[in-house]
Each structure stands twice: as structure tokens, then as C-alpha cells.
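Enquirer: In UniProt numbering, the protein residues as written are 1 to 97.
Structure below.
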């Protein structure tokens, strides 16, 4: 028999659409400049920054938004959001003469 089956006709149609580009399939994006967000990255719930690899880095960043200052100077009323800033304060203000 010289006719085509429905399966063959479907394959032929797919082949022709692939050659000229199907309008149902959107073209691939070219030149996407946004870096991919990896599963290992953590996102800030306040500003949605997604570049934190460690939970401790995210917690430190969140203090910017909340204003939390858990590190207290034992000598004065100064408080800091980071331990290293308290250490700088101690060295500059309360250093031994």
C-alpha cells in the first residue's frame, strides 16, 4: 500500500516543524546574564539576596534588617551586631595604656 500511517504522518509533521522551527516551542534564551541560584545558596527573607552559602552568614546579614546587637561590651553600654566589631571597639576604646 502506498499510503502513510498516522504514526508516520505524525513523525513527518514533527520533522518538518523541527526544520522550520515550531511556533509552539519558544526559542532558547541567549545571553542570560543572571547567575544560576544553586541549591546550596540561602536567601534573606527581608531583601531576597541569595548569595549566602552558610547559615551563619545569613544570620549575620539578617541582623542588618532587624537591628539586633547581641554582642555587649562588659565595660560600657556599647553593643555590636558582630563579634569582630566588639573586638575593634574594645581595642580602640578600652585598650590598656
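By construction, the Cβ of each residue, glycine as well, lies at the ideal position given by its N, Cα and C atoms.
What you are looking at is a predicted structure, and each value in this text was computed from that prediction instead of being measured.
1. So what does residue 52 bridge to, in DSSP terms?
2. Three or more C-beta pairs under 8 angstroms: does that hold for the region 47-58 against the region 66-75?
3. What are the start and end residues of the alpha helix (DSSP H) that includes residue 93?
4. Rounded to whole angstroms, what's the CA-CA distance from residue 42 to residue 60? Just pull it up for me.
5. Near residue 94, which residues of its chain fall below 7 angstroms by C-beta distance, leaving aside the five closest residues on each side in sequence?
6. Tell me the rounded alpha-carbon separation between residue 49 and residue 85.
7. Does residue 72 come out as helix, strand or coil in the three-state DSSP assignment?
Expert: According to the structure data:
1. Paired residues: 42.
2. Contact check between the region 47-58 and the region 66-75: fewer than three CB pairs, one atom from each, fall below 8 angstroms, which does not count as touching.
3. If you look at residue 93, you'll find it in the alpha helix (DSSP H) that goes 83-93.
4. Rounded to whole angstroms, residue 42 to residue 60 spans 12 angstroms at the Cα level.
5. Contacts found: 75.
6. Answer to the nearest angstrom: the Cα atoms are 23 angstroms apart.
7. In the structure shown, residue 72 sits in a strand (DSSP, three-state: E or B).
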